[in-house]
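Residue numbers (my numbering): 369 to 859. Using N, Cα and C, we set each Cβ at its ideal position, and we do this for glycine too. Have a look at the structure below before the remarks.
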């Protein structure tokens, strides 16, 4: 496909979500005007009329479908060849290799494809490269990759605009290929933005944004606000309804409201902890949820980490292990029984299951180390001065807040030698509170949204509010206009 070569091109990845389309459309229009570009939308599913109408408001109407097309015989043949070879490699080298090393023409895709594969049907338990769903996903992913790459090679692409980096999708494919060809990628979400100008692993897309923003805030006011938020949060007084337009809080905040028991389990731990060298709280993520969204893990996925950690725990009888299943494990992914099965497989007197309503604060008072891949619970532990262990990049991984294990040897060594770890100092505790407050503020405020989240209001109301917001935001003095202009000025 040849798009107009006479004008420089801005590619826009459309995920089919109204909120994302608004942000990308608004930013694209500013970039097009200042950089004199030709905007072009790439989409991979049937494009909704709602999304077409949104982009039309910003005078963006050129679009191309990216998906398997029967009339593109040569590309289908090439995809079939690469898919066949890839399946054979996975069969001999395994899924651990696939996640960390699988590439097509020197561009890494394995982590993205795998995360999509295990998103449903609990495929993380026994991933199978001969499963029809996996073969189909692999084929479609490789085809889309080649299709997008052909568009970029045949046209003068100057920038790529995306609203997501997770899972294999038109957004993540466009990002990876653009990085390879040194095409600047602009990522914008409701919370933040980032301009990607190199081919390095991104880590947590939020990390740099949060660190820079916190650095330039009034530290005295930030300390006051973060301490107040910490107290209200830990006292379980965030009583606003879940879908309040003013205070839209997250599931970890809800946990502090509902899980507050100083129960029989806590009393039991108080009695027996002195029989052990130390106490470790292990709190894994939901197994299916965006495993590699912040970059590589030292394990294949969260499920493998949990399996190997509890297997290790069973051999360390002098350590008391508290296994805390993610509060949304059952509600969102129907994973509770899977986590329970791992617990039962490695059942031991020194490994205990934490009851669901148990207070995190009471647990923090009893444990010596909190372990997760990159969970919020580790940041929470740091706000209480509790040592914690992570094994992935994450927005709070700076300033001695967490211990970062970059390989399995270091991970298991830390678990065995908790008493040798340095305590978290007061400066790091305060930093953790500031980061926690600011992160939650971003999630509540969504400062880069132009209008109320689509899922909270009807299509008609959303569209009417959007048209009013566009008129209001178009003024140079408008704060949101300034925020988006900042992004363009950094290109």
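Using only CA atoms, which one of the options lies nearest to residue i?
| i | options | result |
| --- | --- | --- |
| residue 458 | 482, 415, 443 and 444 | 482 |
| residue 857 | 385, 377, 400 and 387 | 400 |
| residue 736 | 754, 665 and 587 | 754 |
| residue 727 | 599, 396, 623 and 501 | 623 |
| residue 526 | 558, 641, 588 and 549 | 549 |
| residue 407 | 387, 420, 388 and 431 | 431 |
| residue 859 | 517, 377 and 565 | 565 |
| residue 693 | 703, 684, 685 and 606 | 703 |
| residue 493 | 415, 706 and 604 | 706 |
Look at the Cβ atom of residue i, then the Cβ atom of residue j, and state whether they are nearer than 7 Å.
| i | j | result |
| --- | --- | --- |
| residue 538 | residue 418 | no |
| residue 380 | residue 529 | yes |
| residue 514 | residue 443 | yes |
| residue 652 | residue 674 | yes |
| residue 725 | residue 627 | yes |
| residue 544 | residue 436 | no |
| residue 365 | residue 386 | Because the chain in this structure spans residues 369 to 859, residue 365 falls outside the shown range and cannot be described. |
| residue 837 | residue 818 | yes |
| residue 772 | residue 758 | yes |
Would you kindly work out how many angstroms separate the C-alpha atoms of residue i and residue j, rounded to a whole number?
| i | j | result |
| --- | --- | --- |
| residue 661 | residue 574 | 11 Å |
| residue 778 | residue 700 | 32 Å |
| residue 616 | residue 811 | Summary for residue 616: the model assigns pLDDT 46, below 50, so the residue's position carries little reliability; its value from the coordinates is reported in the next sentence. Going by the C-alpha atoms only, they are around 8 Å apart. |
| residue 847 | residue 572 | 26 Å |
| residue 570 | residue 806 | 21 Å |
| residue 844 | residue 398 | 12 Å |
| residue 533 | residue 556 | 10 Å |
| residue 592 | residue 801 | 10 Å |
| residue 554 | residue 392 | 9 Å |
| residue 540 | residue 480 | 8 Å |
| residue 410 | residue 438 | 18 Å |
| residue 747 | residue 658 | 19 Å |
| residue 679 | residue 441 | 49 Å |
| residue 427 | residue 519 | 22 Å |
Taking only heavy atoms of the ligand SAH into account, decide whether any of them is closer than 6 Å to the Cβ of residue i.
| i | result |
| --- | --- |
| residue 499 | Ligands displayed in this structure: none; no statement on the ligand SAH is therefore possible. |
Count the other CB atoms, across all protein chains shown, that sit within 10 Å of the CB of residue i; report buried if there are 16 or more and exposed otherwise.
| i | result |
| --- | --- |
| residue 546 | buried |
| residue 498 | exposed |
| residue 850 | exposed |
| residue 613 | Summary for residue 613: the model assigns pLDDT 43, below 50, so the residue's position carries little reliability; its value from the coordinates is reported in the next sentence. Label assigned to residue 613: exposed. |
| residue 542 | buried |
| residue 461 | exposed |
| residue 389 | buried |
| residue 669 | buried |
| residue 712 | exposed |
| residue 611 | The predicted position of residue 611 is uncertain, since its pLDDT is 44 and thus under 50; a value taken from the coordinates is nonetheless stated next. Exposed is the call here. |
(request) List in chain order: all unbroken beta strand (DSSP E) runs of 3+ residues lying wholly within the region 378-419. (result) Taking 3 residues as the shortest admissible run, the region 378-419 contains the following complete beta strand (DSSP E) segments, listed from N- to C-terminal end: 405-411.
(request) List in chain order: all unbroken alpha helix (DSSP H) runs of 4+ residues lying wholly within the region 588-658. (result) 619-626 and 632-640
(request) Only counting runs of 4 or more residues, tell me where the alpha helix (DSSP H) segments fall wholly within the region 758-805, in order along the chain. (result) 776-784
(request) Entirely within the region 523-597 and at least 4 residues each: give me those alpha helix (DSSP H) ranges in chain order. (result) You should have 538-548 and 575-583.
(request) Can you check the region 716-763 for any alpha helix (DSSP H) of at least 4 residues that lies completely inside it and give the ranges in chain order? (result) 728-732 and 744-751
(request) Could I get the ranges of all uninterrupted alpha helix (DSSP H) runs contained in the region 487-525, with 4 residues as the minimum, in chain order? (result) 500-521
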